[in-house]
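Below is one structure, written out as structure tokens, with a few remarks after it.
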Amino acid sequence: VVGVVSRIERVMLCEVSNKQLASLLQTLLTHNNRHQTYFITHIRSHLMDKGLAIGNNKADQLVAPAWTGPSANIFEQAKNSHAFFHQSTKMLVQQLHLSLTDAQGIVKSCPACQKIRFGIGIGVNPKGLRPLQIRQMDVTRISEFGRRLKYVHVVIDTFSMVVWATAQTGETGKHVEKHLYASFAALVVPITIKTDNGSAYVSCRFQQFCLTWGIWHVTGIPHSLTGQAMVERAQQTLKNLLIKQ
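Taking my numbering, the leading residue of the sequence shown gets 80, the next gets one more, and so forth.
As structure tokens, then:
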């Protein structure tokens, strides 16, 4: 455009087959009789924050229709992000606010990450950053309490090591709930509870209980001897104290 304008003053137009182009060139020729100067500039598409583009952007924003798209699928976003960046489990949780279980699943299912020698590890016993945040829970049997109350449910705060135990008549979901109600009264509601894969802990009733109270339930590694090490030591300490009594 700039080249045509700079040469139009010194040319003589011949017949042009494109009528629209001929009309534009004829209009451009009339600018020879202008009384004011004019300037032609080229605004590059990648420079949208300078000069005349600022006003153009404002106009586009005013006339652009407001569109509300569907809610983002965080899990799919996390999968796509990990496929490109290969973040660790911890980074996926921090960046995309996934649950730890979902983040571990994404990393474990990634073929590229499985080629790394040490992988993501077998897990640890986190202690939390403050008291009353993470607890481990288990049930043991103490025959000295008799047939009805031999099921002793134990919960331990992994940060402060505070232990709370109650004797129950069984080890089903309802007995776990009774034990937790008593522990909530003494130690308030925790953020996370870690248990083994016992039938009472993986039952729908207990899952609904955790959902109602806003508790994140984590299960340990099946058949692992160290997954519930803290609460198991607490159980042994409790039994030793009872023997001394």
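Yeah, the Cβ is synthetic: ideal placement off N, Cα and C, and Gly gets one too.
Per DSSP, Ala261 has no beta bridge partner at all. The bridge partners DSSP lists for His232 are Val218, Thr245. Excluding the 5 residues flanking it on each side, Met309 has same chain C-beta neighbours closer than 7 Å at Asn204, Gln215, Ile235, Thr237, in chain order. Contact annotation: Val84 and Leu107 have beta-carbon atoms nearer than 8 Å. Judged by their CB atoms, Asp217 and Thr274 are nearer to each other than the 8 Å cut-off.
Here Phe285 is not near Gly249, since their CB atoms are 8 Å or more apart. The alpha-carbon of Val231 is positioned some 15 Å away from that of Ile322.
With contacts defined as CB atoms closer than 8 Å, Leu175 and Ile153 qualify as a contacting pair. Beta-bridge pairing by DSSP links Trp292 to no other residue. Close CB contacts of Thr298 within its chain, under the 8 Å cut and outside five residues either way in sequence, are with Lys273, Thr274, Asp275, Asn276, Tyr280, Val281 (chain order). Bounds of the beta strand (DSSP E) holding Lys273 are 271-274.
DSSP, reduced to helix, strand and coil, places Ile322 within a helical segment of the structure shown. Taking C-beta atoms under 8 Å as the contact rule, Val242 and Ala157 fail to qualify, at a distance of about 37 Å. In the structure shown, the three-state DSSP call for Val186 is helix. Note on Thr291: under 16 other CB atoms within 10 angstroms of its CB, so exposed under the neighbour-count rule. In the three-state DSSP reduction, Val268 falls in the coil class, being neither helix nor strand.
Scanning Ala162, Gln173, Ile213, Gln212 for the CA closest to the CA of Ser188 turns up Ala162. DSSP, reduced to helix, strand and coil, places Val297 within a strand of the structure shown. Going by DSSP, Met240 is part of no alpha helix (DSSP H) at all; its letter is neither H nor E.
By the 16-neighbour rule on beta-carbons within 10 angstroms, Ile185 is buried. Per DSSP, reduced to three states, the secondary structure at Ile119 is coil, with no helix or strand assignment.
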